[in-house]
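Going by this note's numbering, the first residue of the sequence shown is number -7, and it counts up by one from there. As structure tokens, the structure follows; a few thoughts come after it.
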Amino acid sequence: MNKDIQFLEQAIELAMANKGHGGRPFGAVLVKNGQVIATGTNNMLANFDPSSHAEMEAIRKAATSAKNIDLSGSTIYASGQPCPMCLAVIAITNISEIFFAFDNNDAAPFNFASTSLYNKLKISDVNFVPMKKLKTKYTAAELYSS
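Here it is in structure tokens:
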């Protein structure tokens, strides 16, 4: 199996487990040199923290562990397309690339899209970090439906 798909499916499995525990269905895996350096799930509801997105949690763990906010050369695998906040922190920490399973169009029928936030902030160009949607064995309905 392709390593990118393997890491992305790990992010989805984290998201599904988080959903099973009453959390929001988002997971992220941060990888450097082919090794997982941190993972995260969306803990907004549990922590009453709107910044506790899966990508943010993985980045916090990795930066704290490395004692460095420069995560150059790392790749983030996210179950869903990163929101503007997560995308900004990905750029700030110099993460090299992003792979995700479900984009805002996939998430919209389940009310998990961040399209309105992108529009509100007038963000249209997100090409400053290479970002690619990959197909996995999972469907958006499996992840996002209640």
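Glycine residues also receive a C-beta, built at the ideal position from the N, C-alpha and C atoms.
**Prompt:** Exposed or buried, what is D117 when buried is set at 16 or more other beta-carbons lying within 10 Å of its beta-carbon?
**Reply:** exposed
**Prompt:** Measuring CA to CA, which of F18, A132, A30, Y130 is closest to S66?
**Reply:** Cα-wise, what sits closest to S66 is A30.
**Request:** Go through the segment 10 to 66 residue by residue and report every complete run of the beta strand (DSSP E) that reaches 3 residues or more, in order.
**Result:** 19 to 24, 27 to 33
**Item:** A80: first and last residue of the uninterrupted alpha helix (DSSP H) it sits in
**Value:** 76 to 84
**Prompt:** Given that a residue counts as buried once 16 or more other Cβ atoms are within 10 Å of its Cβ, and exposed if not, what is A7?
**Reply:** buried
**Residues near N162 by beta carbon distance below 7 Å, same chain, minus five either side** = The question about residue 162 has no answer here: the residues shown for the chain are numbered -7 through 138.
**Prompt:** Considering K124, what are the terminal residues of the beta strand (DSSP E) in which it resides?
**Reply:** 123 to 125
**Request:** Please confirm if the segment 48 to 56 is in contact with the segment 96 to 111, defined as three or more CB-CB distances below 8 Å between the two stretches.
**Result:** no
**Asked** Looking at the unbroken alpha helix (DSSP H) that takes in A133, where does it start and where does it end?
**Response** 132 to 136
**Request:** May I have the straight-line CA-CA distance separating A3 from A70, to the nearest angstrom?
**Result:** 6 Å
**Prompt:** Are I90 and I68 close, meaning C-beta to C-beta below 8 Å?
**Reply:** yes
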